[in-house]
Ligand SMILES: Nc1ncnc2c1ncn2[C@@H]1O[C@H](COP(=O)(O)OP(=O)(O)OP(=O)(O)O)[C@@H](O)[C@H]1O
């Protein structure tokens, strides 16, 4: 039972003696704040499996204003039914409230509830009505600035053709409405028949996960000084921002784009302990040259090549949306003279207009000590 992980009242409201298998498998992870994708047959108890963690997120901080959990259902009937189960669970929790927002009812009632002082912490709705409320026309979108949990119930239906666009519109509107300081929300996907290909991870998300796994492994060495090569300047900015967000590489991972003429990319970057190459380099010589960054003056260090399962073009295409949505970043700024100055590379003269595809950035470690003869490209 999730008593230890959430407010007592959430556990007290659980109406059964034992958890069903899907509840056992998902509630602890969801209560710990992890994203969950679950498939379990009809009638297996999925509703409580996502309602309990969603309620717990809201109950943990009942003074936080606005809608904190958004539950999306494909049909009005299912949304109404989920809302009723939620109401029953909330009977011990007077400070948390739930509202059902579906088509066929007055949108003005929903808007008034969201804009009022008693805004429901949990909103169960269908995609169409949620889009209405988030569209901005009703002035209710600001109620969604601090959503902590997003649930897609019957996710297979919601992500199928026909529903997918409105559901994606809900997610995009939630991203736009999110307060800049709000942490990313937790996502819970539940379904009886979810197919593997219904849920796609965008290339930058997968790339980020890959990189983070690699860096975390390398970071066990406190003197770690890692160079990461990625295939496009935009990806480099995105990955550097991700590292900053995660506190990897101290406060400022050095970010370099190969927008410099060959000679001006010459940097002396000492004591590199590992080299990560995301995506295959153009040729063998480049691979050896890059990985050799760890091997100066008889030093040794690991080199890691991650083959990517998507093209550079794919990754770049998705990066802006992902960076804006997940990290709240604008398009990466160009690397100009002032940026070079800030990065301690003031000695580098000018920035070439021509962009090449080679980019790299370093995390974990200090800025280069001085300009010298080592080419990072
Ligand atoms: N831990 C439990 N012990 C006993 N009964 C439970 C438990 N959890 C849920 N139930 C009951 O099982 C029934 C089915 O649960 P629920 O509606 O959540 O299933 P579901 O997996 O969401 O099904 P569907 O895919 O049809 O929506 C409900 O009557 C619910 O009250």
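Residue numbers (full-length UniProt numbering): 1 to 377. Backbone N, C-alpha and C define an ideal beta-carbon position, used for all residues, glycine too. No experiment lies behind these values; they were computed from the predicted model shown.
Selected residue, minimal CA-CA separation from residue 148, among 168, 181, 69: Within the chain shown, the letter at position 148 stands for residue 148. It is 69.
Boundaries of the alpha helix (DSSP H) in which residue 23 is found, first to last residue: Walking along the chain shown from the start, residue 23 turns up at place 23. Residue 23 -> alpha helix (DSSP H) spans 21-31.
Inter-residue CB distance, residue 72 and residue 152 (contact presumed, cutoff 8 Å): On the chain shown, position 72 is the one that residue 72 refers to. On the chain shown, position 152 is the one that residue 152 refers to. Confirmed, Cβ separation roughly 5 Å.
Distance between residue 43 and residue 177 (C-alpha atoms, nearest Å): Taking the chain shown and counting its residues from 1, the one referred to as residue 177 is at position 177. Taking the chain shown and counting its residues from 1, the one referred to as residue 43 is at position 43. Whole-angstrom Cα-Cα distance: 34 Å.
When 82, 30, 37 are compared against residue 102, the one with the closest alpha-carbon: By 1-based counting over the chain shown, the position of residue 102 is 102. Ranking 82, 30, 37 by Cα distance to residue 102 puts 82 first.
Reduced DSSP category for residue 173 - H, G, I as helix; E, B as strand; rest coil: Position 173 of the chain shown, counting from 1, holds the residue named residue 173. Under the three-state reduction of DSSP, residue 173 is assigned to helix.
Near ligand 1: residue 80 beta-carbon under 8 Å from a heavy atom: Within the chain shown, the letter at position 80 stands for residue 80. Not so, every heavy atom of ligand 1 lies at least 8 Å from the Cβ.
Length of the line joining the Cα atoms of residue 164 and residue 158: As a working mapping, residue 164 is identified with position 164 in the chain shown. As a working mapping, residue 158 is identified with position 158 in the chain shown. The alpha-carbon atoms of residue 164 and residue 158 are separated by roughly 6 Å.
Beta-carbon proximity of residue 89 to residue 118, cut-off 9 Å: Along the chain shown, read from residue 1 onward, the residue named residue 89 stands at position 89. Along the chain shown, read from residue 1 onward, the residue named residue 118 stands at position 118. No; because the gap between Cβ atoms is not below 9 Å, this pair is not in contact.
Supposed close pair residue 379, residue 58 - CB separation, criterion 8 Å: Because the chain in this structure spans residues 1 to 377, residue 379 falls outside the shown range and cannot be described.
Alpha carbon of residue 187 to alpha carbon of residue 299, nearest angstrom: Residue 187 sits at position 187 when you count from the first residue of the chain shown. Residue 299 sits at position 299 when you count from the first residue of the chain shown. Rounded to the nearest angstrom, the two C-alpha atoms are 44 Å apart.
Residue 70 - containing beta strand (DSSP E), residue span: In the chain shown, counting from the first residue as 1, residue 70 sits at position 70. Where residue 70 is concerned, the enclosing beta strand (DSSP E) stretches over 69-72.
Pairwise C-alpha distance: residue 46 and residue 40: Translated into the one-based positions of the chain shown, residue 40 becomes position 40. Translated into the one-based positions of the chain shown, residue 46 becomes position 46. Each residue's Cα considered, the two are about 7 Å apart.
Beta-carbon proximity check, residue 60 vs residue 30, cutoff 9 Å: The residue given as residue 60 occupies position 60 in the chain shown. The residue given as residue 30 occupies position 30 in the chain shown. Against a cut-off of 9 Å, the Cβ pair of residue 30 and residue 60 comes out as no contact.
Local Cβ density within 10 Å of residue 154, reported as buried at 16 or more and exposed below that: Along the chain shown, one-based indexing puts residue 154 at 154. Under this definition residue 154 is a buried residue.
Beta bridge counterpart(s) of residue 277 as assigned by DSSP: Reading the chain shown from its first residue, position 277 is the one you call residue 277. Beta-bridge pairing links residue 277 to 229, 305.
Near ligand 1: residue 141 beta-carbon under 8 Å from a heavy atom: Counted from its first residue, the chain shown places residue 141 at position 141. The answer is no for residue 141.
Burial state of residue 284, where buried means 16 or more other Cβ atoms lie within 10 Å: Working through the chain shown from its first residue, we reach residue 284 at position 284. In this structure residue 284 is exposed. Its beta-carbon is surrounded by fewer than 16 other beta-carbon atoms within 10 angstroms.
C-beta contact flag for residue 303 and residue 275 at 9 Å: As a working note, residue 303 is residue 303 in the chain shown. As a working note, residue 275 is residue 275 in the chain shown. Yes.
Chain-order list of residues whose beta-carbon lies under 8 Å from that of residue 127 (same chain, five-residue window excluded): Taking the first residue of the chain shown as 1, we reach residue 127 at position 127. Beyond the five residues adjoining it in sequence on each side, residue 127 comes within less than 8 Å, by CB distance, of 72, 74, 158, 163, 166, 167, 169, 170 in the same chain, given in chain order.
Cβ-Cβ separation, residue 85 to residue 123 (assumed contact under 8 Å), whole Å: The count along the chain shown starts at 1 and reaches residue 123 at position 123. The count along the chain shown starts at 1 and reaches residue 85 at position 85. The pair is not a contact, with the Cβ atoms about 15 Å apart (cut-off 8 Å).
The alpha helix (DSSP H) enclosing residue 90, as first and last residue numbers: Walking along the chain shown from the start, residue 90 turns up at place 90. That residue, residue 90, is in no alpha helix (DSSP H); it is neither H nor E in DSSP.
Heavy atom of ligand 1 within 8 Å of residue 83 beta-carbon: For the purposes of this step, residue 83 is taken as residue 83 along the chain shown, with counting starting at 1. Not so, every heavy atom of ligand 1 lies at least 8 Å from the Cβ.
Cutoff 8 Å; reference residue 34; Cβ partners in own chain excluding five residues on either side: Taking the chain shown and counting its residues from 1, one reaches residue 34 at position 34. The answer, listed in chain order, is 186.
Cβ-Cβ distance between residue 136 and residue 111 below 9 Å: Taking the chain shown and counting its residues from 1, one reaches residue 136 at position 136. Taking the chain shown and counting its residues from 1, one reaches residue 111 at position 111. Contact flag unset, no.
Residue 26: CB within 8 Å of a non-hydrogen atom of ligand 1: Reading the chain shown from its first residue, position 26 is the one you call residue 26. Answer for residue 26: no, Cβ out of range of ligand 1.
Residue 187, DSSP secondary structure in three states: Taking the chain shown and counting its residues from 1, one reaches residue 187 at position 187. Of the three classes helix, strand and coil, the one that applies to residue 187 here is strand, per DSSP.
Exposed unless 16 or more other CB atoms sit within 10 angstroms - verdict on residue 190: Numbered from 1 along the chain shown, position 190 holds the residue referred to as residue 190. Answer is buried; the Cβ neighbour count reaches 16.
Assigned secondary structure, residue 18 (DSSP; H/G/I helix, E/B strand, else coil): Here residue 18 refers to the residue found at position 18 when the chain shown is read from its first residue. In the structure shown, residue 18 sits in coil (DSSP, three-state: anything other than H, G, I, E or B).
Exposure of residue 288, with buried meaning 16 or more beta-carbon neighbours within 10 Å: Taking the chain shown and counting its residues from 1, the one referred to as residue 288 is at position 288. Under this definition residue 288 is an exposed residue.
Identity of the residue in 290, 105, 78, 125 nearest residue 98 by Cα: Numbered from 1 along the chain shown, position 98 holds the residue referred to as residue 98. For residue 98, the closest C-alpha among the options 290, 105, 78, 125 is that of 125.
Contact under 9 Å by Cβ, residue 278 with residue 228: Within the chain shown, the letter at position 278 stands for residue 278. Within the chain shown, the letter at position 228 stands for residue 228. In this structure, residue 228 lies closer than 9 Å to residue 278 by Cβ.
Residue 96 to residue 160 span [Cα, whole Å]: Numbered from 1 along the chain shown, position 96 holds the residue referred to as residue 96. Numbered from 1 along the chain shown, position 160 holds the residue referred to as residue 160. Between residue 96 and residue 160, the C-alpha separation is close to 32 Å.
Anticipated Cβ contact below 8 Å, residue 146 with residue 182, distance rounded: Counting from one through the chain shown, the residue named residue 146 turns up at place 146. Counting from one through the chain shown, the residue named residue 182 turns up at place 182. Contact flag correct, Cβ pair sits at about 5 Å.
Alpha-carbon to alpha-carbon, residue 239 and residue 291: Your numbering for residue 291 matches position 291 in the chain shown. Your numbering for residue 239 matches position 239 in the chain shown. Residue 291 and residue 239: Cα-Cα distance of roughly 19 Å.
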